[in-house]
Structure formats: C-alpha cells, structure tokens
Amino acid sequence: MTTLITGGTVVTAEGTVAADVLVAGEKIAAVLARDLTGEPGGPPADAPAAEAADRVIDATGKYVLPGGIDVHTHMEMPFGGTFAVDTFETGTRAAAWGGTTTIIDFAVQAKGTSLLATLDKWHAKADGNCAIDYGFHMIVSDVNDTTLKEMDACVAAGVNSFKMFMAYPGVFYATDGEILLAMQQAARLGATICMHAENGIAIDELVAQALAAGRTDPVNHGLTRPPELEGEATSRAIALAKITGCPLYIVHLSASQALEAVAEARDTGQNVFAETCPQYLYLSLDDLARPDFEGAKYVCSPPLRPKEHQDSLWRGLRTNDLSVVSTDHCPFCFKDQKQLGRGDFAKIPNGIPGVEHRMDLLHQGVVAGRLTLPRWVEVTSTTPARMFGLYPRKGVIAAGSDADIVIYDPQAKQTLSVATHHMNVDYSAYEGWELTGKVTSTLSRGRVVVDDGQYAGAAGHGTFLPRGLNQYLL
Ligand code: DUC
Ligand code: ZN
Ligand code: ZN
Numbered sequence: 001m002t003t004l005i006t007g008g009t010v011v012t013a014e015g016t017v018a019a020d021v022l023v024a025g026e027k028i029a030a031v032l033a034r035d036l037t038g039e040p041g042g043p044p045a046d047a048p049a050a051e052a053a054d055r056v057i058d059a060t061g062k063y064v065l066p067g068g069i070d071v072h073t074h075m076e077m078p079f080g081g082t083f084a085v086d087t088f089e090t091g092t093r094a095a096a097w098g099g100t101t102t103i104i105d106f107a108v109q110a111k112g113t114s115l116l117a118t119l120d121k122w123h124a125k126a127d128g129n130c131a132i133d134y135g136f137h138m139i140v141s142d143v144n145d146t147t148l149k150e151m152d153a154c155v156a157a158g159v160n161s162f163k164m165f166m167a168y169p170g171v172f173y174a175t176d177g178e179i180l181l182a183m184q185q186a187a188r189l190g191a192t193i194c195m196h197a198e199n200g201i202a203i204d205e206l207v208a209q210a211l212a213a214g215r216t217d218p219v220n221h222g223l224t225r226p227p228e229l230e231g232e233a234t235s236r237a238i239a240l241a242k243i244t245g246c247p248l249y250i251v252h253l254s255a256s257q258a259l260e261a262v263a264e265a266r267d268t269g270q271n272v273f274a275e276t277c278p279q280y281l282y283l284s285l286d287d288l289a290r291p292d293f294e295g296a297k298y299v300c301s302p303p304l305r306p307k308e309h310q311d312s313l314w315r316g317l318r319t320n321d322l323s324v325v326s327t328d329h330c331p332f333c334f335k336d337q338k339q340l341g342r343g344d345f346a347k348i349p350n351g352i353p354g355v356e357h358r359m360d361l362l363h364q365g366v367v368a369g370r371l372t373l374p375r376w377v378e379v380t381s382t383t384p385a386r387m388f389g390l391y392p393r394k395g396v397i398a399a400g401s402d403a404d405i406v407i408y409d410p411q412a413k414q415t416l417s418v419a420t421h422h423m424n425v426d427y428s429a430y431e432g433w434e435l436t437g438k439v440t441s442t443l444s445r446g447r448v449v450v451d452d453g454q455y456a457g458a459a460g461h462g463t464f465l466p467r468g469l470n471q472y473l474l
C-alpha cells in the first residue's frame with residue numbers, strides 16, 4: 001500500500017519545506033520537495049513511483065508534521081484508591097485524534113513487587129489495545145537490592161528511563177539515599193532518571209496543618225505545595241545526579257524556581273533536562289480556587305502555579321532549558337473520583353486530562369508568537385524522540401522513518417469541550433476554549449487512524465517500542 005500526501009508544507013524541527021510525502025507500507029519512502037512551479041522533485045531511484053500511489057491525500061494549505069510524541073501519560077494509573085479512567089484503548093484513541101502517534105506511559109511498581117513483574121503487568125494492560133505505538137518508563141517506588149539489579153533487565157527490555165518521586169511519602173516516595181543508589185545504577189547503565197521533584201516530607205506537614213485548621217478546599221492543594229519546595233527538590237535531585245554522573249530529566253516542571261535550577265545545571269554542562277506540560281503554561285492557581293469544588297478538576301501535582309510562572313516557562317521553552325512538552329495525562333472523573341476529596345483536598349486524586357489537546361494547545365503558542373513552527377514540532381515530537389531513544393524511527397519526516405504523520409489545518413477553528421473530546425473523562429480542563437488549528441488526519445505507521453475528521457484506527461494497531469538510550473548524552 002502506497003500513499004502520496006500532496007500539496008502540504010512539511011514542518012520539521014529543522015524548518016519548513018513545500019514537499020509531497022510518499023509512504024510505502026509502514027515507512028516514509030520519500031520526501032519530494034516541490035520547486036517554485038509546484039512540481040515535486042524526482043524520488044530516489046529505489047522509491048516506489050509516486051504517480052502510481054494507491055491513495056492520494058490532498059494536504060493543500062495544511063502542515064504535514066511528524067506525529068506527536070507524548071512521553072508522560074498515565075493510562076489506568078492506580079492512584080489514591082482509584083484508577084485513571086482512560087484505558088490504553090481509549091487514551092491512545094484520544095491521542096490519535098489530537099495528532100499524537102506515540103505515548104510513553106509509566107509502569108508503576110507497587111511496594112513489595114518486582115520491576116519485571118510490573119513490566120509484565122503493564123504489557124498485559126497495553127498489548128493488543130493501543131491505537132498508536134507506545135513505550136514504557138518504569139516507576140521505581142521500592143528501592144532494594146533486587147530492584148537495583150532488575151534495572152539492568154528493564155534496560156535490556158527497552159525500558160531505560162526510571163521515574164522516582166521525592167513526593168508522596170508512604171506511597172511512591174524515595175529517600176535521598178535510595179535515589180542515590182538508583183542513580184548510581186542508572187549511571188552505570190546510561191539510563192535516565194525521571195524525577196518528580198517536590199519536597200514531599202515538608203509538603204505533608206503543611207497539608208496536615210491546613211487540614212487541622214479547617215482549610216479543606218481544593219485551592220489548599222496548591223497553597224500547601226509551594227513553588228519553593230519544587231525548586232528545592234529540583235536542586236537536590238541535580239546535586240545527586242551530579243555526584244553520581246546520572247542523566248536527569250525533571251518531569252512536569254511547573255515553577256520558575258525549578259527552572260532556574262535546571263538552567264544553572266545546564267549552563268555547567270550537566271546532563272540535566274526538563275519538560276513542562278500545557279496545564280502549567282495555560283492554567284493557574286486561580287483555576288484551583290474555582291468555587292463549588294470545581295477547583296478539584298484542576299488538582300494535579302506539582303500544582304498549578306500563580307500566573308507569574310507562565311512567562312518563565314514560555315521563555316524556558318525558547319531557550320531550551322525546557323526541551324519537551326508532555327501532558328502528564330492522568331484523568332479522573334469529576335463526578336465519582338474527584339469527589340473523594342470533598343472536605344479533604346488531600347484525598348482528591350491528582351491528575352488532569354490532556355493527551356488529546358497537547359499539539360493544539362502548543363500550536364496556540366505559534367499563533368501567539370511565542371514559539372516558531374519548527375520549535376513547536378521540536379518540543380512536541382523531535383526532542384521527545386531523541387530524549388527517549390526513538391529517533392529517527394520517530395520524530396521526523398524523512399525517508400526510512402515510520403510513517404507517523406499528522407496533517408494539520410492551521411486555519412481551522414475548534415472549541416474544546418467535554419461534549420466533543422474523545423478522552424474517557426467527564427470534564428474538560430479547557431471547557432469552551434476557542435483554538436486556532438486542528439488535526440485533519442493522523443497516520444500511524446502508514447495506517448490512517450484519523451481520516452479527515454473520522455476515526456479509522458483500531459485497538460491493537462499500536463506496537464510496543466523498545467527504546468534506545470537518551471541521544472543527548474555526550
Ligand atoms: N502527578 C499527578 O498529577 N498525577 C499522577 C502522578 C503525579 O505525579
Ligand atoms: Zn509526577
Ligand atoms: Zn505523571
């Protein structure tokens with residue numbers, strides 16, 4: 001099966017070019033730059049003939065992008081006695097609708113269990129159910145001799161990034177000593193430690209004080225997790241990474257204090273990287289303070305920050321101190337699940353839905369003049385691919401790469417709403433937001449999964465991606 005995508009503007013991290021794209025089977029066969037008359041150039045001698053393509057997709061007036069890569073999702077995540085409501089099936093379908101063709105989800109080690117058994121469990125949840133390709137990071141919540149040894153086997157199985165938590169004492173929390181041991185092991189393997197950097201010990205004291213004083217509303221989730229405690233934990237993680245020589249990737253960075261610590265470490269040449277998420281670029285503590293328990297919809301950790309932090313984050317994206325935008329997609333329904341925390345904000349399941357809207361929300365940064373078009377592709381696709389060992393199979397439109405392609409209409413208007421989104425959750429954190437730009441079609445390994453606004457994918461099309469090491473390490 002060959003497909004020719006004609007008339008579009010190919011946007012990659014390198015720039016934009018008027019080009020047709022020829023797909024053969026699951027791969028891109030050729031990128032045929034058009035000359036000033038609009039005629040495509042000749043294909044390489046070994047490429048199938050473009051004029052004989054089985055299917056032609058007209059992308060005139062549209063962008064042709066490498067599929068988005070969301071390196072931070074939590075499908076079916078166990079949290080606070082409940083589970084994130086998107087399954088691998090519903091969550092990857094929603095991702096495809098929004099132009100994301102790869103996710104890296106987190107397998108969650110429960111205390112007392114092994115990493116390899118955890119990996120098997122997550123394969124059982126995902127395999128045969130995904131609409132798009134997927135990989136795993138491993139959450140290490142129980143550091144012991146067995147776990148440390150099992151990190152080798154995880155890397156051999158294509159899972160070479162390990163998330164650790166400086167927050168959530170008693171659940172996922174690791175002590176500084178445990179983090180040090182895991183970092184030493186990761187350094188030996190060339191693997192990356194992904195860090196949830198918030199000082200959970202101090203936070204828990206502030207939470208107890210707030211509850212004892214009767215401050216139980218959702219806004220207190222934000223007030224008891226101050227940005228200083230994200231900055232402090234980020235600095236501590238950077239120090240531990242420095243003395244162990246471990247590559248460090250700060251997940252869901254939300255606070256300017258944390259960004260300053262990352263920028264300083266990067267300026268010294270340390271292998272420190274960071275991502276942020278759309279909710280930190282667009283939403284704020286004001287949303288957490290919404291009346292009638294509506295703020296619960298916006299409870300995630302780290303929490304939404306006062307608006308002043310947003311400008312620093314946008315600047316960080318420009319300067320590459322923030323190199324990736326992921327979603328931390330972790331959906332809990334307002335009706336049954338967020339209600340667990342009525343009268344006690346600490347019991348509200350932490351997480352915001354977002355896997356469907358990342359590409360569109362970041363495109364608003366292009367519309368507003370905060371990001372260039374190539375940078376939009378870089379932070380949502382190309383850098384995630386390089387950071388987590390998927391490039392050039394993913395993250396680029398080039399001959400030989402997987403045909404993960406998004407055809408994007410930059411002029412289309414859309415209104416985000418629970419009534420029209422495809423995530424399996426009963427609210428939208430962006431209800432009523434009017435956006436410019438929309439996915440027209442999405443291809444995953446050559447298969448059209450969203451076809452001009454119609455879903456044409458299937459559970460089980462997506463395959464597991466064993467990943468190589470971080471490609472930014474020297
Ligand atoms: N933060 C969230 O908001 N949800 C899941 C886990 C996390 O770290
Ligand atoms: Zn986290
Ligand atoms: Zn997360």
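All residue numbers for the sequence shown refer to our numbering, where the first residue is 1 and numbers rise by one. A virtual CB, placed ideally from N, CA and C, is assigned to each residue, including glycine.
(message) My output table needs one value for residue 387: the three-state DSSP class, helix, strand or coil.
(response) Position 387 of the sequence shown, counted from the first residue, corresponds to residue 387. Residue 387: helix per DSSP, three-state reduction.
(request) Would you be able to state if there are at least three C-beta pairs under 8 Å between the stretch 248-263 and the stretch 231-240? (result) yes
(request) Give the single residue among 165, 40, 125, 111 whose Cα lies nearest to the Cα of residue 144. (result) Translated into positions along the sequence shown, residue 144 becomes position 144. Residue 144 has its Cα closest to that of 111, out of 165, 40, 125, 111.
(message) DSSP has residue 30 in a bridge; who is on the other side?
(response) Locating residue 30 in the sequence shown gives position 30, where the first residue counts as 1. According to DSSP, which records beta bridges pairwise, residue 30 is partnered with 22.
(message) Taking the beta carbon of residue 306 as the centre, do at least 16 other beta carbons fall within 10 Å, making it buried, or is it exposed?
(response) Within the sequence shown, the letter at position 306 stands for residue 306. Per the 10 Å Cβ criterion, exposed.
(message) Excluding the 5 residues flanking residue 47 on each side, which residues of the same chain have their C-beta closer than 8 Å to its C-beta?
(response) Within the sequence shown, residue 47 is the residue found at index 47, counting from 1. Within the same chain, residue 47 has close Cβ partners 22, 24, 29, 30, 399.
(message) For residue 160 and residue 389, which I take to be in contact (beta-carbon distance under 8 Å), what is that distance rounded to the nearest angstrom?
(response) If you number the sequence shown from 1, residue 160 lands on position 160. If you number the sequence shown from 1, residue 389 lands on position 389. Residue 160 to residue 389, Cβ: 7 Å. Contact.
(message) Looking at residue 203: is its Cβ nearer than 8 Å to the Cβ of residue 225?
(response) Walking along the sequence shown from the start, residue 203 turns up at place 203. Walking along the sequence shown from the start, residue 225 turns up at place 225. Cβ atoms of residue 203 and residue 225: closer than 8 Å.
(request) Return yes when the Cβ of residue 84 is within less than 8 Å of the Cβ of residue 74, no when it is not. (result) Numbered from 1 along the sequence shown, position 74 holds the residue referred to as residue 74. Numbered from 1 along the sequence shown, position 84 holds the residue referred to as residue 84. Yes, the pair counts as a contact, with Cβ atoms nearer than the cut-off.
(message) At the level of alpha carbons, what is the spacing between residue 66 and residue 404?
(response) Taking the first residue of the sequence shown as 1, we reach residue 66 at position 66. Taking the first residue of the sequence shown as 1, we reach residue 404 at position 404. Spanning the two alpha carbons is a distance of roughly 6 Å.
(request) Indicate whether residue 53 and residue 33 have their beta-carbon atoms separated by less than 8 Å. (result) Indexing the sequence shown from 1 puts residue 53 at position 53. Indexing the sequence shown from 1 puts residue 33 at position 33. Not closer than 8 Å, so no.
(request) Could you tell me the boundaries of the alpha helix (DSSP H) in which residue 227 lies? (result) For this step, residue 227 is matched to residue 227 along the sequence shown. Here the alpha helix (DSSP H) through residue 227 covers 227-244.
(request) Sort 351, 68, 115 by Cα distance to residue 103 and report the nearest one. (result) Numbered from 1 along the sequence shown, position 103 holds the residue referred to as residue 103. Comparing Cα-Cα distances from residue 103 to each of 351, 68, 115, the minimum goes to 68.
(request) Check whether the Cβ of residue 251 lies closer than 7 Å to any heavy atom of ligand 2, and answer yes or no. (result) The sequence position of residue 251 within the sequence shown is 251, counting from 1. Checking every heavy atom of ligand 2 against the Cβ of residue 251, one is found closer than 7 Å.
(request) State yes or no: is the C-beta of residue 201 within less than 8 Å of the C-beta of residue 169? (result) Counting from one through the sequence shown, the residue named residue 201 turns up at place 201. Counting from one through the sequence shown, the residue named residue 169 turns up at place 169. Closer than 8 Å, so yes.
(request) Could you tell me if residue 367 is buried or exposed, where buried requires 16 or more neighbouring beta carbons within 10 angstroms of its beta carbon? (result) Along the sequence shown, one-based indexing puts residue 367 at 367. Per the 10 Å Cβ criterion, exposed.
(message) I'd like to check one pair, residue 346 with residue 229: are the Cβ atoms closer than 8 Å?
(response) Residue 229 sits at position 229 when you count from the first residue of the sequence shown. Residue 346 sits at position 346 when you count from the first residue of the sequence shown. Result no, Cβ atoms of residue 229 and residue 346 do not sit closer than 8 Å.
(request) Give the single residue among 420, 435, 423 whose Cα lies nearest to the Cα of residue 414. (result) Looking up residue 414 in the sequence shown gives position 414. The residue with the shortest Cα to Cα distance from residue 414 is 435.
(message) Does the structure place the stretch 364-378 close enough to the stretch 337-352 that three or more beta carbon pairs sit under 8 Å?
(response) no
(message) Which same chain residues end up closer than 6 Å to residue 438 when comparing Cβ atoms and leaving out the 5 residues on each side of it in sequence?
(response) The sequence position of residue 438 within the sequence shown is 438, counting from 1. The answer, listed in chain order, is 409, 412, 414.
(request) Could you tell me the boundaries of the beta strand (DSSP E) in which residue 92 lies? (result) Within the sequence shown, residue 92 is the residue found at index 92, counting from 1. Residue 92 -> not in any beta strand (DSSP E); alpha helix (DSSP H) instead, spanning 88-97.
(message) Can you check which of these residues, 13, 174, 2, is closest to residue 378 by C-alpha distance?
(response) The residue you call residue 378 lines up with position 378 of the sequence shown. Ranking the options by Cα distance to residue 378, first place goes to 13.
(message) I'd like the ranges of any beta strand (DSSP E) spanning at least 3 consecutive residues and lying wholly in the stretch 244-329.
(response) 248-250, 272-276
(request) Count the other C-beta atoms from every protein chain shown that fall within 10 angstroms of the C-beta of residue 253, then say buried if there are 16 or more, exposed otherwise. (result) Here residue 253 corresponds to residue number 253 of the sequence shown, with the count starting at 1. It counts as buried.
(message) So, at 8 Å on beta carbons, what are the nonlocal neighbours of residue 341 in its own chain, with the 5 sequence-adjacent residues on each side left out?
(response) Here residue 341 refers to the residue found at position 341 of the sequence shown. Within the same chain, residue 341 has close Cβ partners 218, 296, 299, 347, 348, 349.
(message) Restricting to Cα atoms, I'd like to know which of 328, 279, 329, 324 is closest to residue 309.
(response) As a first step, residue 309 must be located in the sequence shown, where it is residue number 309. That would be 279, whose Cα lies nearest to the Cα of residue 309.
(message) Between the alpha carbons of residue 215 and residue 291, how many angstroms are there, rounded?
(response) Here the question's residue 215 lines up with position 215 in the sequence shown. Here the question's residue 291 lines up with position 291 in the sequence shown. Distance between the alpha carbons of residue 215 and residue 291: 14 Å.
(request) Flag this pair as yes or no: are the beta carbons of residue 37 and residue 20 separated by less than 8 Å? (result) Here residue 37 refers to the residue found at position 37 when the sequence shown is read from its first residue. Here residue 20 refers to the residue found at position 20 when the sequence shown is read from its first residue. Contact flag unset, no.
(message) Just verifying my parser: in three-state terms, what is the DSSP assignment at residue 445?
(response) Position 445 of the sequence shown, counted from the first residue, corresponds to residue 445. Here residue 445 sits in coil by DSSP.
(request) Leaving aside the five residues before and after residue 139 along the sequence, list all residues of the same chain whose C-beta is less than 6 Å from its C-beta, in chain order. (result) Looking up residue 139 in the sequence shown gives position 139. Once the five neighbours on either side are set aside, the close Cβ partners of residue 139 are 106, 108, 109, 163.
(request) Per DSSP, which residues does residue 55 bridge with? Please list them. (result) As a first step, residue 55 is located in the sequence shown; it is residue number 55 there, counting from the start. In the DSSP output, where bridge partners are listed per residue, residue 55 has 3.
(request) Jot down the residue ranges of each uninterrupted beta strand (DSSP E) in the stretch 166-209, minimum 3 residues, whole runs only, in chain order. (result) 192-196
(request) Report buried or exposed for residue 1, applying the criterion of at least 16 other Cβ atoms within 10 angstroms of its Cβ. (result) The residue labelled residue 1 in the question sits at position 1 within the sequence shown. Burial call: exposed.
(request) Could you tell me whether any Cβ in chain C is nearer than 8 Å to the Cβ of residue 136? (result) Of the chains in the structure shown, none is chain C; there is only one protein chain.
(request) Please determine, among 459, 472, 401, 464, the residue with the shortest C-alpha to C-alpha distance to residue 446. (result) Along the sequence shown, one-based indexing puts residue 446 at 446. Out of 459, 472, 401, 464, 401 has the C-alpha closest to the C-alpha of residue 446.
(message) In this structure, how does DSSP classify residue 378 when only helix, strand and coil are distinguished?
(response) The residue you call residue 378 lines up with position 378 of the sequence shown. DSSP places residue 378 in helix when its eight states are reduced to three.
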